[in-house]
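Enquirer:
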């Protein structure tokens, strides 16, 4: 029996970020996005991490599978498809990056 592998990719100019993970390793994939975003040597941003984490969570929700040992998580707010985010306009109490720590 073979294990299915999820593929998530981000292309930023000449750079390619490709994440491969099984359904059982979604939580680890989310943590990896956070580690990449916090690395100043990479062009991978927190916005990139947020968008990709939404894709991981949406896929889990579509399959009715839990993420990180709990029920499928729905994002607290939506990010725009493109363009900047004015974080100053968001209530800081509603920002939750625990999955990135």
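In full-length UniProt numbering, the protein residues as written are 1 to 101. Glycine is no exception: its CB is placed at the ideal position from the N, C-alpha and C atoms. The structure displayed is predicted, hence computed values, not measured ones.
Just the C-alpha distance for residue 59 and residue 20, rounded to the nearest angstrom, thanks.
Expert: Straight-line Cα distance between these residues: approximately 14 Å.
Enquirer: Return the CA-CA distance between residue 98 and residue 12, expressed in angstroms with no decimal places.
Expert: Only weak support exists for where residue 98 lies, its pLDDT of 49 falling under 50; the value from the coordinates is given anyway. Taking the straight line from one Cα to the other gives about 25 Å.
Enquirer: Going by C-alpha distance, which of 54, 53, 10 is nearest residue 43?
Expert: For the residues 54, 53, 10, the minimum Cα distance to residue 43 belongs to 10.
Enquirer: Taking only three categories from DSSP, how would you classify residue 15?
Expert: DSSP places residue 15 in strand when its eight states are reduced to three.
Enquirer: Would you tell me roughly how many angstroms separate the C-alpha atoms of residue 27 and residue 40, rounded to the nearest one?
Expert: Each residue's alpha carbon lies about 22 Å from the other.
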